[in-house]
Amino acid sequence: MPQVIGERILNHSVEKVFACAIGIEDYPRFLSYIQKVEILSRSEDRMAARFFVGAGKLVFSYDCEIHMQENARTRVMTEEDIFSEFHAECRYEKLDENRCKIIYVLDCKFANRALEFLARAVLPYNTKVTINAFEKRLAEMDKA
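FYI, the numbering for the sequence shown is 232 to 375, going by the numbering used here.
What follows is the structure, given as structure tokens:
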């Protein structure tokens, strides 16, 4: 799968963006391709979770560990057989009190050729949809 690397400036504090990113239990509310999230364990700097991802009848789950450096970085790791390679990371840089920059990397390869083919077609579009969904969620958090 092609690697996806990008960055975006957000008109929200780094603290709010980081809190939204690690609030994985809320993902099914605003990310349509996340069907369910089960938090398996949580500590100050690490979470273990099971994600149920997909649409319609094409749903799969995977377990992962999310390593966190508060307001600075999240790194997702998995050893699930569904992936032959997996690396995901996001860095958060404070620009001022109400603006930050996120820098994200996703590099994964599915072990199943059909899923890999589908992912190649969908991933670039899905990355934009995901970031837009996070921006919308952040705006909703502002109103609450």
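Even for Gly, the Cβ is constructed at its ideal location relative to N, Cα and C.
None of these values were measured; they are calculated from a predicted model.
- Under the three-state reduction of DSSP output, Glu316 falls in the strand class.
- Linking Arg344 to Ser274 through their CA atoms gives a straight-line distance of about 35 Å.
- Nearest in C-alpha terms to Thr358, of all of Asp338, Lys247 and Arg260, is Asp338.
- Inside the stretch 258–301, DSSP marks whole alpha helix (DSSP H) runs of 4 or more residues at positions 258–261, from first to last along the chain.
- Rounded to the nearest whole angstrom, the C-alpha separation of Glu301 and Ile255 is 15 Å.
- DSSP places Glu256 in the helix class (H, G or I) of the three-state scheme.
- Residue pairing by DSSP puts Thr305 in a beta bridge opposite Met299 and Cys321.
- A distance below 6 Å between beta-carbons, with the five flanking residues on each side excluded, links Leu241 to the following residues of its chain, in chain order: Val248 and Cys331.
- Annotated three-state conformation of Glu238 is strand, per DSSP.
- About 20 Å separates the beta carbons of Tyr258 and Val245, which is beyond the 8 Å limit, so they are not a contact pair.
- The beta-carbon separation of Ile334 and Arg322, rounded to 5 Å, stays under the 8 Å limit for a contact.
- Here Cys251 is not bridged, per DSSP, to any residue.
- For Arg330, the beta-bridge partners assigned by DSSP are Asp327.
- Residues Glu296 of the same chain have their beta carbon placed closer than 6 Å to that of Met308, with the five preceding and five following residues left out of the count.
- By the criterion of a C-beta distance shorter than 8 Å, Leu369 is surrounded in its chain by Leu241, His243, Lys247, Val248 and Cys251, once the five residues flanking it on both sides are discounted.
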